[in-house]
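First residue of the sequence shown? That's -9 in this note's numbering, and the numbers climb one at a time after it. Heads up, the beta-carbon is just placed ideally off N, CA and C, and yes, glycines get one too. Notes for the one structure printed next.
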Amino acid sequence: MDFEKSKDRYLSVLTNFGCHYSCPYCIVKNCGIGIPKTTVEGLQGLQAAIEKYDCNWVSISGGGDPFYKLEEHIDWWNEFFDITTEPSLGLKLELHTSYLSDTYDDDATPFWPFNRVVYHCHNVSDLFRIKRYGGQIVRAVYVVTEDFTEEKINDIAAIVKHHPMIDELSFRQMVNSNYETTHYCEEYLKAGHQKDWWYIDQCDYNIYYAENEVKFKYEEYKNKVADKE
Ligand code: SF4
């Protein structure tokens, strides 16, 4: 597995278009995270933030799945791509989504501009619902919940190893309803880090952008009021 080596700098754009709220480990639902409702006007400060923090990646995730009700937010996506694909910025784009290939319309879903798509999976079988578009990097990520076992982790790793459309695999711990990080299968996952998968320590520090504001801790969105659908 070809693990990335460079020191990249990410701006994490948090969207809130609403969500299906069906992931069992959902930090937004369980911890009262309130990302402000996403608007086209909220992109006005994006380029300045990218330049100020000298970012070479823009990663979209959320306060809700970024592709939730995509057809209602095409204006936002068009504006987002206008800004982030400007050649002088030299950016790479990453998307986090829980929508797997059988849940969207291929032709209407803008996967193409992304250099990496990170698919959030729950079950082993979800791996067979992942597709690659063009030459992008495809990563499968699992948030480790109580039901995970070494056997399940090995099954996932074995499938990814021979999967023609998945390049990378990562596991990360969940944050429980007390905003505490859990430690399921932690020693086993650490032992396999950079061998068969990435094990990502839960780390709250990042450069977050939402609606023209930058924050450096996800927890700062805790107990904020947000519009939820
Ligand atoms: S996609 Fe994100 S916000 Fe939506 S249910 Fe899953 S974890 Fe929660």
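Looking at ligand 1, does it come within less than 7 Å of residue i, judged from the CB to the closest heavy atom?
| i | result |
| --- | --- |
| His112 | no |
| Tyr0 | no |
| Val63 | According to the sequence shown, residue 63 is His rather than Val. Result no, Cβ not under 7 Å from ligand 1. |
| Cys13 | yes |
| Ser91 | no |
| Cys45 | no |
| Val108 | no |
| Cys21 | no |
| Asp55 | yes |
| Ser167 | no |
| Cys9 | yes |
| Ser88 | yes |
| Val128 | no |
| Cys16 | yes |
| Gly24 | no |
| Gly52 | yes |
Indicate the three-state DSSP secondary structure (helix, strand or coil) for residue i in the structure shown.
| i | result |
| --- | --- |
| Glu(-6) | Because Glu(-6) carries a pLDDT of 47, less than 50, the predicted location of this residue cannot be relied on, and the following value inherits that uncertainty. If DSSP states are grouped into helix, strand and coil, Glu(-6) belongs with coil. |
| Ile40 | helix |
| Tyr178 | helix |
| Val107 | strand |
| Asn220 | Any property of residue 220 remains undetermined from this structure, which presents the chain solely from -9 to 219. |
| Ile17 | helix |
| Lys151 | helix |
| Arg162 | strand |
| Phe118 | helix |
| Glu141 | helix |
| Glu136 | coil |
| Ile190 | strand |
| Glu209 | helix |
| Ile146 | helix |
Near residue i, which residues of its chain fall below 7 Å by C-beta distance, leaving aside the five closest residues on each side in sequence?
| i | result |
| --- | --- |
| Thr75 | Pro103 |
| Lys121 | Ser91 and Met155 |
| Tyr89 | Asp55 and Phe57 |
| Ile127 | Asn105, Arg106, Asp157 and Glu158 |
Enumerate in chain order the residues of its own chain whose CB-to-CB distance from residue i is below 8 Å, with the five nearest sequence positions on each side excluded.
| i | result |
| --- | --- |
| Glu41 | Leu79 |
| Lys142 | Val114 |
| Gln37 | Ile73, Glu76 and Leu79 |
| Thr139 | Cys175 |
| Glu84 | Tyr0, Trp47, Val48, Ser49, Ile50, Phe104, Asn105, Arg106, Val107 and Val108 |
| Leu81 | Ile40, Cys45, Asn46, Trp47, Val48, Thr74 and Thr75 |
| His234 | The displayed coordinates of the chain run from -9 to 219. Any statement about residue 234 would go beyond what the structure contains. |
Cutting at 6 Å between CB atoms, please list the residues of its own chain near residue i, excluding the five before and the five after it.
| i | result |
| --- | --- |
| His86 | Ser51 and Val108 |
| Tyr199 | Leu1, Val3 and Ala39 |
| Gln163 | Val134, Thr171, Thr172 and Gln192 |
Does any CB atom of chain B fall closer than 8 Å to the CB of residue i?
| i | result |
| --- | --- |
| Ile120 | Protein chain content of the structure displayed is limited to a single chain, and chain B is not contained in it. |
The segment 46 to 62 contacting the segment 93 to 106, beta-carbon criterion three pairs below 8 Å: The segment 46 to 62 vs the segment 93 to 106: in contact.
Validate contact between the segment 165 to 176 and the segment 197 to 207 using beta carbons, cut 8 Å, 3 pairs: Cβ pair count under 8 Å is below three, so no.
Contained beta strand (DSSP E) runs [length at least 3] in the segment 22 to 96, N- to C-terminal order: 47 to 52 and 82 to 87
Any 3 or more C-beta pairs closer than 8 Å across the segment 175 to 185 and the segment 18 to 37: no
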